[in-house]
Amino acid sequence: MLKATGAVLAGTAAGLGCDSLDIPPPVDPGPLPGISPQADFYLQSCCGTPDVDPETFTMDVEDADGAVLATIDQQYVLGLTGQQKEHTLQCIGSNPRFLFVDNAMWTGLPFRDLLDDLGVTVPADAVELVFWCVDGYDVSIPITDLDTPIWLVWEMNEEPLTRPHGAPFRFLVPGRYGTKNPKWCERLVFATEPHTGFWEREGWSNEAAYRPNALTLSPAAYAVVGEGTIRIQGSAFAGLDPVTRVEWTEDDGASWQDAEITYTSENEHTWRLWSVDFTPPEPGTYKIRTRVTTESGAMSADTPDGTNRFLGFDGGMEITLEVT
Amino acid sequence: MKRLVFLTVLAACLAPSLAAAGPWTKGFGEHYVKVGADFYATSDYADARSADEGETAGFDNFFGQTYSVYGEVGVFPLWPIQLTVHLPVSVGRAVFYDTALIGDGETGKTQTARLGDLRTSIQVAILRKPIQLGINLEVKVPLYSNGRVGFGLGPYRQWFPLPGDGQIDVTPMAVIGGGLPTKVPLWIEGGVGYRFRTEAFVGWETDLVFVDGIPFYAAVGLAPGPVWVVVRADGIKNIKDDNTTREHVTIGPSVGVTVWRGLAIEARVAGDVVAKNAPRGISFGAGVSWRWPNPATKPRSE
Numbered sequence: 001m002l003k004a005t006g007a008v009l010a011g012t013a014a015g016l017g018c019d020s021l022d023i024p025p026p027v028d029p030g031p032l033p034g035i036s037p038q039a040d041f042y043l044q045s046c047c048g049t050p051d052v053d054p055e056t057f058t059m060d061v062e063d064a065d066g067a068v069l070a071t072i073d074q075q076y077v078l079g080l081t082g083q084q085k086e087h088t089l090q091c092i093g094s095n096p097r098f099l100f101v102d103n104a105m106w107t108g109l110p111f112r113d114l115l116d117d118l119g120v121t122v123p124a125d126a127v128e129l130v131f132w133c134v135d136g137y138d139v140s141i142p143i144t145d146l147d148t149p150i151w152l153v154w155e156m157n158e159e160p161l162t163r164p165h166g167a168p169f170r171f172l173v174p175g176r177y178g179t180k181n182p183k184w185c186e187r188l189v190f191a192t193e194p195h196t197g198f199w200e201r202e203g204w205s206n207e208a209a210y211r212p213n214a215l216t217l218s219p220a221a222y223a224v225v226g227e228g229t230i231r232i233q234g235s236a237f238a239g240l241d242p243v244t245r246v247e248w249t250e251d252d253g254a255s256w257q258d259a260e261i262t263y264t265s266e267n268e269h270t271w272r273l274w275s276v277d278f279t280p281p282e283p284g285t286y287k288i289r290t291r292v293t294t295e296s297g298a299m300s301a302d303t304p305d306g307t308n309r310f311l312g313f314d315g316g317m318e319i320t321l322e323v324t
Numbered sequence: 001m002k003r004l005v006f007l008t009v010l011a012a013c014l015a016p017s018l019a020a021a022g023p024w025t026k027g028f029g030e031h032y033v034k035v036g037a038d039f040y041a042t043s044d045y046a047d048a049r050s051a052d053e054g055e056t057a058g059f060d061n062f063f064g065q066t067y068s069v070y071g072e073v074g075v076f077p078l079w080p081i082q083l084t085v086h087l088p089v090s091v092g093r094a095v096f097y098d099t100a101l102i103g104d105g106e107t108g109k110t111q112t113a114r115l116g117d118l119r120t121s122i123q124v125a126i127l128r129k130p131i132q133l134g135i136n137l138e139v140k141v142p143l144y145s146n147g148r149v150g151f152g153l154g155p156y157r158q159w160f161p162l163p164g165d166g167q168i169d170v171t172p173m174a175v176i177g178g179g180l181p182t183k184v185p186l187w188i189e190g191g192v193g194y195r196f197r198t199e200a201f202v203g204w205e206t207d208l209v210f211v212d213g214i215p216f217y218a219a220v221g222l223a224p225g226p227v228w229v230v231v232r233a234d235g236i237k238n239i240k241d242d243n244t245t246r247e248h249v250t251i252g253p254s255v256g257v258t259v260w261r262g263l264a265i266e267a268r269v270a271g272d273v274v275a276k277n278a279p280r281g282i283s284f285g286a287g288v289s290w291r292w293p294n295p296a297t298k299p300r301s302e
């Protein structure tokens, strides 16, 4: 026997025994904000939040032989005049089960500007920047990313970074998933040899370049709703290649309709938010899938779960609506 | 994977460590039967791996109930040999959060009710004087199908507590004990064994691999008249480092009182003092038992 209480009536006989499920009905959060509050911004790190004191934390910039070329601390960055930068971050492990994507307005500076200010010359034989972090994390990016440019930031939405978000400062690396955007870096090395980082040793992409994808942020991936119109909202992102179109299908791709873009930005490397008002014609089960197209013509894969998770999610998320 | 491990160890907490009865192996016709209810609650999971920061899905708390029938009977007329059976029905209730399924700040509840693991054992007395020494061989056989738990409930299925790990286990164990020369009847007992994980699963296909372990227990009991009090510690230690298999030490007192002939009421409480790959919770239980012959007429020191 199977029983569902509360908002749910679903399922079939479960054999000898009794299972029950009680979940709340979905709540429409209203239009999603284009800028994510810091308190709601997703958190992910390899090893938890380290016990870092932002006031005493330092980051050494070193050459390949370990010679310290400069040291950066909170006092130094707070003495700089930062610039505002809107920037979206997405975890390489984000997928329909882990909706790790957010957008914020950051305060910081291109890191090359800081190196210039500190009188640090990038060694000519450097091929990578290797970040060694206090929590045991390590990661590398090509030295050419300095000119993307990568940023060192110390505020999110005009608030100092909280410790879980990397206080006193963290890096933003345009075009690359969150794995390449380290927090709590204590040693930054101009490496002359390629380095394989923490997650890359586990098989995740070393390039970690964003791939076009759409995530449905509301309602949940499996929701039970009553009859009437339900608002479906989500994100669409492809890194430096702006998303220009979001479409959705309710018939497994036989036909596609345009979703309404509800948030866009003139700033590069920012997400698009989209919305669909869906009115199910009758009770039943509906599967709503999305796909995105970018300015360069790239599209998300037409598979709800993406193609190769180690390269980052590239699907158009599908949700299931049980309409009662 | 982590969630699956959690589910299985939750289920394990509902079950007794052993069906072994202690070192006093029953003689022919002697028997002990207990009908009981046990409850287990936890909101604390001790994972051998670090917690995932910002995890958007997980268990908030868990409450389990087990209703069981337990029996021991001496089956051989010439020498103490006993059979033991433990048949439980378990009800596991979990409160979970899952941003992707039910949104931020919301929780859902799942409940699974099933027959649990049937534990049967045979115990042979090796020594009866001056101490009690016995060898017990227990076989655990799942009576449920994990593959059917939450069936038909889509992605919510992963949040249903499993009745058990679904694996057949074999556990030989040596048990020893005896009365102490004290004015007040006092006894001690203990046991140590080896749990073979057969890797034979019933009712589901899983990639989980459990490692063998060393189960153990120790208890001291006091029986002044019709009332007895026991403090017992039991647990299991994995034979090698492992991030899946439950390790724990649980300790707590129990009390019983004989109300008429061999009829008694029993109650116990226990807490997990050591836990790895396991929740750390508390359990309590109560039961009604029938023992024959009445221990009041058969001193523990025999």
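Protein sequences, first through last, are from chains A and B. For the first sequence, position 322 matches number 322 in this note's numbering, and the numbering has no gaps at all. For the second sequence, position 128 matches number 128 in this note's numbering, and the numbering has no gaps at all. Cβ atoms here follow ideal geometry from the backbone N, Cα and C, with glycine treated the same way. All values reported here derive from a predicted model rather than from experimental measurement.
Of all the CB atoms in chain A, is at least one closer than 8 Å to the CB of residue i?
i: residue 106/B; result: yes
i: residue 160/B; result: yes
i: residue 240/B; result: no
i: residue 253/B; result: no
i: residue 156/B; result: yes
i: residue 69/B; result: no
i: residue 94/B; result: no
i: residue 276/B; result: no
i: residue 111/B; result: yes
i: residue 149/B; result: yes
i: residue 125/B; result: no
i: residue 118/B; result: no
i: residue 37/B; result: no
i: residue 87/B; result: no
i: residue 50/B; result: Model confidence at residue 50/B stands at a pLDDT of 39, short of 50, so the residue's coordinates are unreliable and nothing is read from them.
Near residue i, which residues of its chain fall below 8 Å by C-beta distance, leaving aside the five closest residues on each side in sequence?
i: residue 186/A; result: 57, 58, 59, 60, 132, 133, 134
i: residue 53/B; result: Note that residue 53/B scores 47 on pLDDT, short of 50, meaning its location in the model is unreliable; the coordinates nonetheless yield the value given after this. No residues qualify anywhere along the chain.
i: residue 51/B; result: Bear in mind that a pLDDT of 42 at residue 51/B, under 50, signals an unreliable position, so the model cannot answer this.
i: residue 84/A; result: 105, 106, 107
Taking 8 Å as the CB-CB limit, is residue i close to chain B?
i: residue 20/A; result: yes
i: residue 23/A; result: yes
i: residue 222/A; result: yes
i: residue 99/A; result: yes
i: residue 182/A; result: no
i: residue 96/A; result: yes
i: residue 15/A; result: Residue confidence for residue 15/A is low, a pLDDT of 43 falling below 50, so the modelled location carries little weight; the figure read from the coordinates is stated next. Answer yes: the Cβ-Cβ gap between residue 15/A and chain B drops below 8 Å somewhere.
i: residue 173/A; result: no
In the DSSP output, which residue or residues are listed as bridge partners for residue i?
i: residue 167/B; result: 201/B
i: residue 305/A; result: Looking at the DSSP assignment, residue 305/A forms no beta bridge with any residue, so it has no partner.
i: residue 316/A; result: 214/A
i: residue 61/B; result: 95/B
i: residue 231/A; result: 277/A
i: residue 329/A; result: This structure leaves residue 329/A out entirely; chain A is present only between 1 and 324.
i: residue 60/A; result: 71/A, 187/A
i: residue 206/A; result: Per DSSP, none; premise fails for residue 206/A.
i: residue 195/B; result: 213/B
i: residue 27/B; result: Bridge partners of residue 27/B: none, in fact.
Apart from the five residues just before and just after residue i, which ones in its own chain have a Cβ nearer than 7 Å to its Cβ?
i: residue 323/A; result: 225, 227, 280, 283, 284, 286
i: residue 166/A; result: 183, 184
Near residue i, which residues of its chain fall below 6 Å by C-beta distance, leaving aside the five closest residues on each side in sequence?
i: residue 30/B; result: 74
i: residue 36/B; result: 68, 285, 287
i: residue 141/B; result: 118, 168
i: residue 73/A; result: 58
i: residue 191/A; result: 64, 128, 130
i: residue 328/A; result: The requested residue 328/A is not part of the displayed model; chain A covers only 1 to 324.
i: residue 146/B; result: 162, 166, 203, 204
At a cut-off of 7 Å, is residue i close to the ligand ADP when judged by its beta-carbon and the heavy atoms of the ligand?
i: residue 76/A; result: Among the components modelled here there is no ligand, and therefore nothing to report on the ligand ADP.
Q.
Assess contact between the segment 203-215 of chain A and the segment 232-245 of chain A, defined as three or more Cβ pairs (one per stretch) separated by less than 8 Å. Is contact present?
A. yes
Q. Within the chosen definition, does the segment 78-90 of chain B reach the segment 112-123 of chain B through at least 3 CB pairs nearer than 8 Å?
A. yes
**Q.** Segments assigned beta strand (DSSP E), at least 3 residues, entirely inside the segment 210-294 of chain B
**A.** 213-222, 227-238, 247-260, 263-276, 282-292
Q. Touch check for the segment 250-260 of chain A and the segment 191-201 of chain A: three-plus C-beta pairs under 8 Å?
A. no
**Q.** Continuous beta strand (DSSP E) assignments of at least 3 residues falling wholly in the segment 239-276 of chain A
**A.** 243-249, 260-263
Q. What beta strand (DSSP E) runs, 3 residues minimum, are completely inside the segment 158-184 of chain A?
A. 170-172
Q) Does the count of Cβ pairs from the segment 114-125 of chain A and the segment 88-100 of chain A closer than 8 Å reach three? A) no
Q) Within the chosen definition, does the segment 169-182 of chain B reach the segment 147-157 of chain B through at least 3 CB pairs nearer than 8 Å? A) no
Q) Would you say the segment 156-170 of chain B touches the segment 126-133 of chain B, given that touching needs at least three Cβ pairs under 8 Å? A) no
Q) Quick one: complete alpha helix (DSSP H) runs, 4+ long, within the segment 83-153 of chain B? A) 99-102
Q | the segment 83-92 of chain A contacting the segment 101-108 of chain A, beta-carbon criterion three pairs below 8 Å | A | yes
Q) Does the segment 31-45 of chain A come close enough to the segment 157-164 of chain A that 3 or more CB-CB pairs lie under 8 Å? A) yes
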